[in-house]
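Q:
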Amino acid sequence: MNPGLNLVRFFLAFNVVLFHLWNAAAPGAGPVAVLGFFFTSGFLITQIVQEAYAGPARTWAFLVNRTLRIYPQYLAALGLGLFTIWLYPDVAYHINTYLRWPGTASEWRDQFDIFGLIDSSVRVLPATWTLGTELYFYLLIGLVTARWKWASVALCVCSLPIGLLSAMEVLPFAFYGSPIGNGFVFALGSVAYFYRSAVRIRLPVFLLACAAYLLHVYLVPG
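Numbering (our numbering), first residue to last: 186 to 407.
#1: Would you decide whether P274 is buried or exposed? Buried here means 16 or more other CB atoms lie within 10 Å of its CB.
#2: With the cut-off set at 8 Å, would you say T315 and F222 are in Cβ contact?
#3: Determine the DSSP secondary structure at Y259, reduced to helix, strand or coil.
#4: When DSSP labels each residue in this structure, what does A246 get in the three-state scheme?
#5: Please classify A218 as buried or exposed, where buried requires at least 16 other C-beta atoms within 10 Å of its C-beta.
#6: Using only CA atoms, which one of I326, Y283, L284 and V402 lies nearest to T225?
#7: Output the boundary residues of the alpha helix (DSSP H) element that contains D298.
#8: Under 8 Å Cβ to Cβ from Y141, same chain only, skipping five residues before and after it: list those, please.
#9: Alpha carbon to alpha carbon, how far is R332 from F379? Give it in angstroms, no decimals.
#10: If the criterion is Cβ atoms closer than 8 Å, does the pair I347 and L320 meet it?
#11: Can you round the beta-carbon distance between A262 and L190 to whole angstroms, since I take them to be within the 8 Å contact cut?
#12: Count the other C-beta atoms from every protein chain shown that fall within 10 angstroms of the C-beta of Q258, then say buried if there are 16 or more, exposed otherwise.
#13: For G366, which of M353, A377 and G374 has the nearest alpha-carbon?
#14: So, at 6 Å on beta carbons, what are the nonlocal neighbours of P364 in its own chain, with the 5 sequence-adjacent residues on each side left out?
#15: Could you round the C-beta distance between W286 and I303 to whole angstroms and report it? I think they count as a contact, below 8 Å.
#16: Give the DSSP-derived three-state secondary structure of S375 in the structure shown.
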């Protein structure tokens, strides 16, 4: 739907991989890329709803579409992950301490419903903890706020101070990666869709922003 944005998402994914495999080369890449994913997700969810699922009658179709785009691939990867952990439990745990066989009903539930992965001590697919956060906003933005500009702006206005206070540890919510602490990032992405034609970024500003991003990713410790 948006080749340019898909290229940005590929670049963000590359930075996440680089952060985990060679942290010394990109010390600030991981967290920044995750927030970048949250922003682009907010934009894309809003774009999809506005351009393909605008009417209330299309709500069910939106849910089915998102489910089919996420869960079949996720379940296939989950099955492969479980099989690998079953075969090589010690090796898996050595690679990542989250890679363990689920031992309780709640640990099994977290693997399948995805929402609870951010707080789970067992993750068969460790990197998918961010997907749980995204799913909350697939529902909130996709089913509610993306249908109206005013609702998207209201979500942004409400979530920004919550994110700030979470980052300052004034509120008892985690900031990085949590639906409450990072909700404003999704909201900003959603608002950006509605104002995408109203704001024109000049080339010098764009290049300066790219330079600042690269400096932060590759030179600033995470």
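Glycine included, each C-beta is placed from N, C-alpha and C at the ideal position.
A: Let me spell this out:
#1: Within the sequence shown, the letter at position 89 stands for residue 274. Exposed: under 16 other Cβ atoms inside 10 Å.
#2: The residue you call residue 315 lines up with position 130 of the sequence shown. The residue you call residue 222 lines up with position 37 of the sequence shown. Contact flag set, yes.
#3: For the purposes of this step, residue 259 is taken as residue 74 along the sequence shown, with counting starting at 1. If DSSP states are grouped into helix, strand and coil, Y259 belongs with the helices.
#4: Taking the sequence shown and counting its residues from 1, the one referred to as residue 246 is at position 61. Correct three-state label for A246: helix.
#5: Locating residue 218 in the sequence shown gives position 33, where the first residue counts as 1. By the 10 Å Cβ count, A218 comes out buried.
#6: What you label residue 225 is simply residue 40 of the sequence shown in a count that begins at 1. Comparing Cα-Cα distances from T225 to each of I326, Y283, L284 and V402, the minimum goes to I326.
#7: Counting from one through the sequence shown, the residue named residue 298 turns up at place 113. Run containing D298: A290 to D298, per the alpha helix (DSSP H) assignment.
#8: This structure gives no information on residue 141, because the portion of the chain shown stretches from 186 to 407.
#9: Taking the first residue of the sequence shown as 1, we reach residue 379 at position 194. Taking the first residue of the sequence shown as 1, we reach residue 332 at position 147. Near 10 Å, if we compare the C-alpha coordinates of R332 and F379.
#10: As a position in the sequence shown, residue 347 is number 162, starting the count at 1. As a position in the sequence shown, residue 320 is number 135, starting the count at 1. No, the pair does not count as a contact, with Cβ atoms beyond the cut-off.
#11: Here residue 262 refers to the residue found at position 77 of the sequence shown. Here residue 190 refers to the residue found at position 5 of the sequence shown. Actually they are not in contact, since the Cβ atoms of A262 and L190 sit about 23 Å apart, beyond 8 Å.
#12: Residue mapping note: residue 258 aligns to position 73 of the sequence shown, counting from 1. Exposed: under 16 other Cβ atoms inside 10 Å.
#13: By one-based count along the sequence shown, residue 366 stands at place 181. Answer by Cα proximity: M353.
#14: Against the sequence shown, residue 364 aligns to sequence position 179. T318 and Y321.
#15: Taking the first residue of the sequence shown as 1, we reach residue 286 at position 101. Taking the first residue of the sequence shown as 1, we reach residue 303 at position 118. Actually they are not in contact, since the Cβ atoms of W286 and I303 sit about 20 Å apart, beyond 8 Å.
#16: As a position in the sequence shown, residue 375 is number 190, starting the count at 1. Residue state, collapsed to three classes: helix.
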